[in-house]
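The listed protein sequences derive, respectively, from chains A and B.
Residues in the first sequence are numbered consecutively from 1, following our numbering.
Residues in the second sequence are numbered consecutively from 1001, following our numbering.
Each residue gets a CB set at the ideal place from its N, CA and C atoms; glycine is no exception.
Working notes, structure below.
2 protein chains.
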Amino acid sequence: MKSYSELTRDELLAIKDELEKEYKEAAAKGLKLDMSRGKPAAKQLDLSRDMLDVVNSSSDLKCEDGVDVRNYGILDGISEAKKIMADILGVSSDNVIVFGNASLNIMYDMVSRAMLFGVLGSTPWSKLDKVKFLCPVPGYDRHFAITELFDVEMINIPMKADGPDMDLVEKYVNNDESVKGIWCVPKYSNPQGITYSDEVVKRFAALKPAAKDFRIFWDNAYAIHDLYEDDKDELLEIFAECRKNGNEDMVYEFCSTSKVTFAGGGISALAASKANLDDVKRTMTIQTIGHDKVNQLRHARYFKDVNGVYEHMKKHAAILRPKFEAVINEFEKELSGLGIASWVKPKGGYFISFETMDGCAKAVVAKCKEAGVTLTGAGATYPYKKDPNDSNIRIAPSLPTEEELKQATELFILCVKLVSVDKLLETA
Amino acid sequence: MKSYSELTRDELLAIKDELEKEYKEAAAKGLKLDMSRGKPAAKQLDLSRDMLDVVNSSSDLKCEDGVDVRNYGILDGISEAKKIMADILGVSSDNVIVFGNASLNIMYDMVSRAMLFGVLGSTPWSKLDKVKFLCPVPGYDRHFAITELFDVEMINIPMKADGPDMDLVEKYVNNDESVKGIWCVPKYSNPQGITYSDEVVKRFAALKPAAKDFRIFWDNAYAIHDLYEDDKDELLEIFAECRKNGNEDMVYEFCSTSKVTFAGGGISALAASKANLDDVKRTMTIQTIGHDKVNQLRHARYFKDVNGVYEHMKKHAAILRPKFEAVINEFEKELSGLGIASWVKPKGGYFISFETMDGCAKAVVAKCKEAGVTLTGAGATYPYKKDPNDSNIRIAPSLPTEEELKQATELFILCVKLVSVDKLLETA
């Protein structure tokens, strides 16, 4: 196909006419489709239906620790749940606390705790004149929302093909004492699906922060969310690397079963050094008597061990893979060579990251919405919702059915073309 | 029986001899009993066993709102769970948010949120020179632990027979702008089992706080935890009273099913005015995507409605009542007339509050511990763990079996007598 930029004004106008006709027809269909959030589809939720039966009225309700899971007790999670979460992350159970149904809540609480009480005895961040976080971009909107709420200054760090720009990360972290954190989704990053290379992980682990209370917020949300059994990304386990540098206290790692079992009823975990976990427990013991151990037991008995989790994830992949491929294939068929867009084909995670020409993302999202297809708001993948190039769109193909996805993708492509033609006509 | 204070030194010494012999025998038994925390007994947890079956692999998993409870969505709780929690408290569903398994966590978060972000637009409490909370005493140690952690100055407010000393409460709240809150357990108070009278509730509702961000933390933990079906305490619903005074924003009310279903796996709720709930949701939407809706549905379907909850609570009462009575009867038999102790016979809740002679509580608890019976630490019922009279002991009779309770109570009484005799001998 010929690149749009090589077309004459008349050729562009002719294409525009054609596209507008198609758009009118599409809009008339009254679509109501949602590709905005990384929600599992009903079919995926059904994969864990049997989990609802494993803890029942005739179950032995004592966990390995000997405690009745129905009663109070065990602040940091039951042993069998800890073990599974630890194995998912490749760390020791001793370095894990199991929480409730949302790792987002753990992350929020870690920032909140640092604000109020400091980190391992440091000055509470709320008492400092300035607190900064590094934000690899494009990134996860809910991370940025947390730091924005706490009035943390967010600094964009461009993502490269193998992770954040580490030269920049090192420059900031090693020299600026007000830089207290960085948000990372190190495997199948949200939204690009990029897995940090070994070199990037090693450079993270070797950071020499100017601030001793600097923490890497390592949100390993997609640790086991591979699409291709025979072509998985492998993420280097960061704590082992940190230990080599005496840097074990520098990382908070997060994960959950939100996209393993139930998005609204899973369990989550924090992994960290013993010193950090002790620091967390000091206030956590006042915040709560402990999280829902019945649900922890339900998860542990359902999976038995981490191999049970791995087997389960293959079933998710079987549902998600065709959806991702349908979108990508359509992009390749319809957009390749037009010079108006690029995208990453991810090997896991929940998103496809799409780049329009500069200045087109907001318009594409608006046009899709007008015709009944909801996308993540343009700009959402950047701090303060400000995408400096107005070019990144996050596509979440998991929730719609395959038929819905086909319709939504067609409309999306149509809108990309239409907005791009308009953009080119501005200067043609 | 003759009061100990009327005995001669020789008579006291003779009693002491006898008691020490008994104590030695008791200590030799190697007891290992726990009356320290308000934990439900296994039999009580078993009452809700069938709840584990109501949401199973063949269930319809959509809630009334039409949302699949397994997926993300619904920040403030599913409608059917809201309704039950609202009915327990006698408020409207619109005034309720359902949270996770622990109301303590809601309370902590409400204080934390006020510290960081203020209340309805007020200055964040952490930015103020001084924040004070009123603490009716004796009271609940975990309340005091929260405000202590946040460096809030706690002021003791003596409990009277029908609630906190309201003259004092009014004096502080209506005149001191740094008084931002008061901890209340208004029904079957922890530890005394006192229910606030209508007059006390009306006076609370009619407060004219000097601080517009003053809030009553109304922890209605024992709202439906009556021991006697035909002799229940009735607590006036506070929001209705507040509305009469245009004071609806002044109260945060808390409750949970921790002592209804599972202490470690129930659901909890916050009730508040629309303005307050909107304020909470503004930050809550960044803190979490929502709490475990599967467990909310499990609770809602198990109970069907609030009448199901009431029926269920009768079964708890049937288990708890004999335990409370066994302790109280033993006290009456062994301690009445000795002039060395007093206690409250509660009609509900989880505790028996016991008063030794001044200066004896710590020694009694230590002596019990030495012989294998763990009680709540003396002083725990006061802010900073400082009971000014060293006289209050909280007894939690729910967890031990009836046989264990008998042994523990006998030992406790023995220790009370022994420590009292020692005390009297100091001056005799």
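Taking all protein chains shown into account, Ser3(A) has fewer than 16 neighbouring C-beta atoms within 10 Å of its C-beta and is therefore exposed. Using beta-carbon distances, Ala396(A) does not count as an interface residue toward chain B, since no partner is under 8 angstroms.
Look at Gly308(A) here: in three-state DSSP terms it is helix.
Under the three-state reduction of DSSP, Asp1053(B) is assigned to helix. Chain-ordered, the chain B residues with CB closer than 8 angstroms to the CB of Met115(A) read Leu1116.
For Val1364(B), the uninterrupted alpha helix (DSSP H) segment begins and ends at 1361–1370. In this structure, DSSP gives Arg1394(B) an extended state, which the three-state scheme calls strand. Flagged as an interface residue toward chain A: Leu1104(B), by a C-beta distance shorter than 8 angstroms. The straight-line gap separating the alpha-carbon atoms of Lys1127(B) and Gln287(A) is approximately 21 angstroms. Within chain A, Thr283, Ile286 have C-beta atoms less than 7 angstroms from the C-beta of Leu1149(B), given in sequence order. If you draw a 10 Å sphere on the C-beta of Lys274(A), you find fewer than 16 other C-beta atoms in it, and that means exposed. Exposure of Arg1243(B) is indicated by the presence of fewer than 16 other C-beta atoms within 10 angstroms of its C-beta. Under the 10 Å beta carbon count, Asp1279(B) is surrounded by 16 or more other beta carbons and is classified as buried. The Cβ neighbour count for Pro1388(B), taken over all protein chains shown within 10 Å, is under 16; the residue is labelled exposed.
Between Met1115(B) and Asp1226(B), the C-beta spacing is not below 8 angstroms. Within the DSSP bridge table, the entry for Asp198(A) names no partner. Using beta-carbon distances, Val55(A) counts as an interface residue toward chain B, with a partner under 8 angstroms. Taken in chain order, the unbroken stretches of alpha helix (DSSP H) that lie wholly in the segment 258–339 of chain A and span 4 residues or more are 274–287, 293–303, 306–335. Nearest to Lys1423(B) by alpha-carbon distance, out of Thr1381(B), Leu1414(B), Gly1359(B), is Gly1359(B). Rounded to the nearest whole angstrom, the C-alpha separation of Val1373(B) and Arg1394(B) is 13 angstroms.
Close to chain B, meaning a Cβ-Cβ distance shorter than 9 angstroms, are the following residues of the segment 70–81 of chain A: Arg70, Asn71, Tyr72, Gly73, Ile74. Boundaries of the beta strand (DSSP E) harbouring Arg215(A): 215–219, taken from the DSSP string.
Near chain A, meaning a CB-to-CB distance below 8 angstroms, the residues of the segment 1286–1304 of chain B are Ile1286, Gln1287, Thr1288, Ile1289, Gly1290, His1291, Asp1292, Lys1293, Val1294, Asn1295.
In the three-state reduction of the DSSP assignment, Ala1408(B) falls in the helix class. For Ser256(A), there is no enclosing alpha helix (DSSP H); the residue is part of the beta strand (DSSP E) that begins and ends at 251–256. With 16 or more other Cβ atoms inside 10 Å of its own Cβ, Asp213(A) counts as buried. Think of a sphere of 9 angstroms around the beta carbon of Pro40(A): the chain B residues whose beta carbon falls inside it are Arg1070, Asn1071, Tyr1072, in chain order. With fewer than 16 neighbouring CB atoms inside 10 Å of its own CB, Thr123(A) falls in the exposed class. Inter-residue distance for Ser79(A) and Ile88(A) is about 14 angstroms (C-alpha atoms, whole angstroms). Excluding five sequence positions before and after Lys43(A), the CB atoms of its chain that fall closer than 8 angstroms to its own CB belong to Ile319, given in chain order.
Rounded to whole angstroms, the gap between the alpha carbons of Pro1191(B) and Cys1415(B) is 20 angstroms.
Ala341(A) is bridged by DSSP to Thr356(A).
With 16 or more neighbouring CB atoms inside 10 Å of its own CB, Pro383(A) falls in the buried class. Only residues of its own chain outside the window of five on either side were considered, and among them Pro1040 have a CB closer than 6 angstroms to the CB of Ala1263(B), listed in chain order. DSSP places Val1137(B) within a strand segment (E or B) once states are collapsed to three. Using a CB distance cut-off of 8 angstroms, Ser391(A) does not count as an interface residue toward chain B.
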